[in-house]
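*Asks:* Here you go, one structure.
There are 2 protein chains.
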Amino acid sequence: MSKQRKLPLYVQIKNKLVNNIKEGVWQPGEAIPSESQLIEQYNVSRTTIRQAIQDLVQKDVLETRRGAPTRVKEEPQVDKGNPGIIHKEIGTNMEVKVLRFEKLKEHYYAKYQLDLEEDEEVYVLERLRIADSKPIAYQQLYLPIPIGEVVKGVASDVFDIFPVLGQHNIHHSNIQEMVSGSNATQYVADLLGIIPGEALTDIERTTVGIDDKPIEYSRTKYIPNAFMYRMEIGK
Amino acid sequence: MSKQRKLPLYVQIKNKLVNNIKEGVWQPGEAIPSESQLIEQYNVSRTTIRQAIQDLVQKDVLETRRGAPTRVKEEPQVDKGNPGIIHKEIGTNMEVKVLRFEKLKEHYYAKYQLDLEEDEEVYVLERLRIADSKPIAYQQLYLPIPIGEVVKGVASDVFDIFPVLGQHNIHHSNIQEMVSGSNATQYVADLLGIIPGEALTDIERTTVGIDDKPIEYSRTKYIPNAFMYRMEIGK
DNA sequence: CGTAATTTGTTCGTATGTATC
DNA sequence: TGATACATACGAACAAATTAC
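One line per chain: the protein sequences are A and B, in this order.
Counting from 1, one number per residue, gives the positions in the first sequence under full-length UniProt numbering.
Counting from 1, one number per residue, gives the positions in the second sequence under full-length UniProt numbering.
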């Protein structure tokens with residue numbers, strides 16, 4: 001919290017605005033205070049207020065119109081349907097099995113992906129994703145501590161953590177996925193009930209919140225025909 | 001020209017910057033003049049210059065780094081209509097080698113994908129995609145006869161057939177891609193110089209023209225780390 | 001309907017901080 | 001280490017669009 005002192009003023013303001021929206025102080029479609037009011041309220045210059053607002057306009061959180069009050073966007077990009085990208089696991093009865101869930105001190109790459117400091121800890125959650133009693137994927141999730149605490153209680157119950165995070169007012173603004181492939185190691189092959197060396201499809205994902213803070217970095221190894229990754233460009 | 005009088009100064013500057021990039025005055029990766037130089041050159045305030053630059057950074061045309069000169073982004077927004085899907089082969093010297101190019105009478109699935117009649121023929125084009133003298137992918141392209149005729153002459157020269165089709169006024173309106181994975185067969189392993197059984201990333205693609213007629217159905221098997229499939233949702 | 005007040009947009013100037021070269 | 005370049009932050013004035021009376 002006190003770490004925020006280091007953050008630029010406009011970022012601090014931005015966070016305060018986002019919080020007000022998250023907490024429902026300003027509802028979607030509603031007007032937020034005018035620039036002059038915010039200047040008084042936070043005792044900063046107009047430049048600073050404007051930069052904070054512009055950043056949020058850019059992210060589709062706010063909406064400005066010359067002469068008219070600035071408003072919170074309707075349907076602020078929360079779970080805005082991915083237009084044309086389908087990433088679907090094939091099956092009817094989906095379960096998950098938690099293999100591991102603990103705090104980690106050492107994991108340079110995950111910390112790098114999550115934009116954390118050297119001395120910060122991360123939660124690591126390893127799960128087996130199961131469709132119709134057959135394992136289809138091995139998943140490693142790395143979560144910042146506060147996010148991990150939210151996920152903690154439900155890790156073995158929910159197949160998808162995002163709705164749960166949404167209930168706690170943690171919304172994502174950006175997801176980046178990278179697709180690759182690998183051969184199953186002995187360890188993973190055993191877990192998935194396949195032969196070591198069989199092809200897996202790897203998906204590496206980084207999710208960022210509307211406050212620009214990372215929510216999750218994950219790596220998932222799928223049995224290729226147990227899921228579908230389809231996307232549509234254009235039209 | 002005189003029409004620009006009405007546009008805000010920063011938009012005019014922005015247009016000038018974009019023109020310089022388009023005309024190749026500043027190449028991708030190259031530094032553009034510093035803010036102070038631009039201030040002198042265009043005789044405007046720093047605010048104005050910065051707003052123009054910030055807008056272009058936002059659009060991924062420029063790249064700024066505190067302390068370092070502002071640069072033109074490598075690969076600036078190549079496909080405008082492409083909202084965050086990057087499908088890129090990694091390498092500098094790209095070649096292709098044609099393994100097979102002929103008309104086929106029998107190929108039910110390809111004809112189905114291309115929406116052709118039973119008695120129609122298809123062209124099949126099999127190629128090895130090579131980056132820096134190393135094979136990175138095995139590709140099978142199925143083309144309707146008229147499209148195939150266009151591709152015929154250039155199959156061994158062009159890495160990407162779409163620009164060629166564009167020159168013949170064949171434009172696509174829609175691309176659908178499906179990602180999967182498989183293990184290399186003996187045949188493909190030999191072609192790619194890998195060991196049979198190694199993991200490959202498969203991409204199945206269907207392209208539809210602006211006249212709604214199918215242009216191409218293809219299957220490509222990539223060596224996973226020789227290419228990159230990244231997508232971004234939201235923002 | 002028109003006018004005044006309000007609100008955001010544009011543009012200038014200046015000063016200081018901080019990362020890069 | 002010093003010079004350079006971008007980032008942050010303050011203040012001020014006018015323009016343009018909207019809103020309220």
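Don't be surprised by glycine CBs; every beta carbon is placed ideally from N, CA and C.
This one's a predicted model, so the numbers in the text were calculated from it and none came from an experiment.
#1: In this structure, how does DSSP classify Ile-145/A when only helix, strand and coil are distinguished?
#2: What does DSSP give as the partner residues of Glu-133/B in its beta bridges?
#3: Give the straight-line distance between the Cα atoms of Ala-189/A and Phe-159/A, rounded to the nearest whole angstrom.
#4: Exposed or buried, Asp-202/A, counting other C-beta atoms within 10 Å across all chains shown (16 or more means buried)?
#5: What's the C-alpha gap between Asp-55/A and Ala-137/B?
#6: Short of 7 Å in beta carbon distance, which residues of its chain neighbour Gly-29/B, apart from the five on each side in sequence? Order them along the chain.
#7: Can the beta-carbon of Asn-183/B be found closer than 8 Å to that of Ala-199/A?
#8: Could you confirm whether any beta carbon from chain A is found closer than 8 Å to the beta carbon of Glu-35/B?
#9: Alpha carbon to alpha carbon, how far is Val-164/B from Gln-51/B?
#10: Which same chain residues end up closer than 7 Å to residue 250/B when comparing Cβ atoms and leaving out the 5 residues on each side of it in sequence?
#11: Give the residues of chain B in contact with Asn-93/A, contact being defined as C-beta atoms less than 8 Å apart.
#12: Going by DSSP, what residue range makes up the beta strand (DSSP E) through Leu-99/A?
#13: Thinking Ile-210/A and Ser-173/A are a contact (beta carbons under 8 Å), I'd like their distance in whole angstroms, please.
#14: Residues bridged to Gly-67/A by DSSP?
#15: Can you give the Cα-Cα distance for Met-94/A and Pro-33/B, rounded to whole angstroms?
#16: Just the Cα atoms here: how many angstroms apart are Phe-101/B and Glu-89/B?
#17: Using the beta-carbon count (16 or more within 10 Å), is Ala-31/A buried or exposed?
#18: Alpha carbon to alpha carbon, how far is Asp-60/B from Leu-9/A? Give it in angstroms, no decimals.
#19: Could you confirm whether any beta carbon from chain A is found closer than 8 Å to the beta carbon of Tyr-229/B?
#20: I'd like to know whether the C-beta of Thr-64/A is nearer than 8 Å to at least one C-beta of chain B.
#21: Closest to Val-150/A by C-alpha separation, out of Pro-135/A, Gly-166/A, Gln-140/A and Gln-139/A, would be which residue?
#22: Alpha carbon to alpha carbon, how far is Tyr-187/A from Leu-141/B? Give it in angstroms, no decimals.
#23: Alpha carbon to alpha carbon, how far is Gly-81/A from Thr-220/B?
#24: If I follow the unbroken alpha helix (DSSP H) through Ser-45/A, where does it start and stop?
#25: For His-171/B, count neighbouring Cβ atoms within 10 angstroms of its own Cβ and tell me buried if that reaches 16, exposed if not.
#26: With H, G and I counted as helix, E and B as strand and the rest as coil, what does DSSP make of Gln-176/A?
#27: Among all the DSSP beta bridges, which residues are the ones paired with Phe-227/A?
#28: Using a Cβ cut-off of 8 Å (strictly closer), state whether Thr-48/B contacts chain A.
#29: Look up Lys-221/A in the DSSP assignment and say whether it is helix, strand or coil.
#30: Which stretch, first to last residue, makes up the alpha helix (DSSP H) that contains Ile-13/A?
#31: Cα-Cα, which of Ala-110/B, Val-154/B and Lys-103/B is closest to Lys-97/B?
#32: Ile-195/A: buried (16+ other C-beta within 10 angstroms of its C-beta) or exposed?
#33: Would you identify the three-state DSSP class for Gln-139/A, choosing helix, strand or coil?
#34: Is the beta carbon of Arg-205/B less than 8 Å from the beta carbon of Ile-175/B?
#35: Between which two residues does the alpha helix (DSSP H) containing Val-164/B stretch?
#36: Contact check, Ser-180/B vs Pro-135/A under 8 Å by CB: the rounded distance?
*Replies:* A quick look at the data gives this:
#1: helix
#2: Residue identity check: residue 133/B is Ser in the sequence provided, not Glu. According to DSSP, which records beta bridges pairwise, Ser-133/B is partnered with nothing at all.
#3: Straight-line measurement puts the Cα of Phe-159/A at about 21 Å from the Cα of Ala-189/A.
#4: buried
#5: 42 Å
#6: Same-chain partners within the cutoff: Arg-71, Val-72 and Glu-74.
#7: yes
#8: Contact with chain A is absent for Glu-35/B, since none of that chain's Cβ atoms lies less than 8 Å from the residue's Cβ.
#9: 39 Å
#10: Residue 250/B falls outside the range modelled here, since chain B spans only 1 to 235, and no answer is possible.
#11: Neighbours of Asn-93/A on chain B: none; closest Cβ ~23 Å, over 8 Å.
#12: 94-104
#13: Taking C-beta atoms under 8 Å as the contact rule, Ile-210/A and Ser-173/A qualify, at a distance of about 4 Å.
#14: Note: Gly-67/A sits in no beta bridge, so no partner.
#15: 56 Å
#16: 23 Å
#17: By the neighbour-count definition (other C-beta atoms within 10 Å, threshold 16), Ala-31/A is an exposed residue.
#18: 25 Å
#19: yes
#20: no
#21: Gly-166/A
#22: 37 Å
#23: Confidence in Gly-81/A is poor, its pLDDT being 42 and thus under 50, which makes the residue's placement unreliable; the coordinate value appears in the next sentence. Cα-Cα distance, rounded: 28 Å.
#24: Following the DSSP letters along the chain, one finds Ser-45/A in no alpha helix (DSSP H), marked with neither H nor E.
#25: exposed
#26: strand
#27: Per DSSP, the beta-bridge partners of Phe-227/A are Glu-89/A.
#28: no
#29: strand
#30: Segment 9-22, the alpha helix (DSSP H) holding Ile-13/A.
#31: Val-154/B
#32: exposed
#33: Gln-139/A falls in the strand class under three-state DSSP.
#34: yes
#35: Boundaries of the alpha helix (DSSP H) harbouring Val-164/B: 162-167, taken from the DSSP string.
#36: With 8 Å as the limit, Ser-180/B and Pro-135/A do not qualify as a contact, their Cβ atoms being about 18 Å apart.
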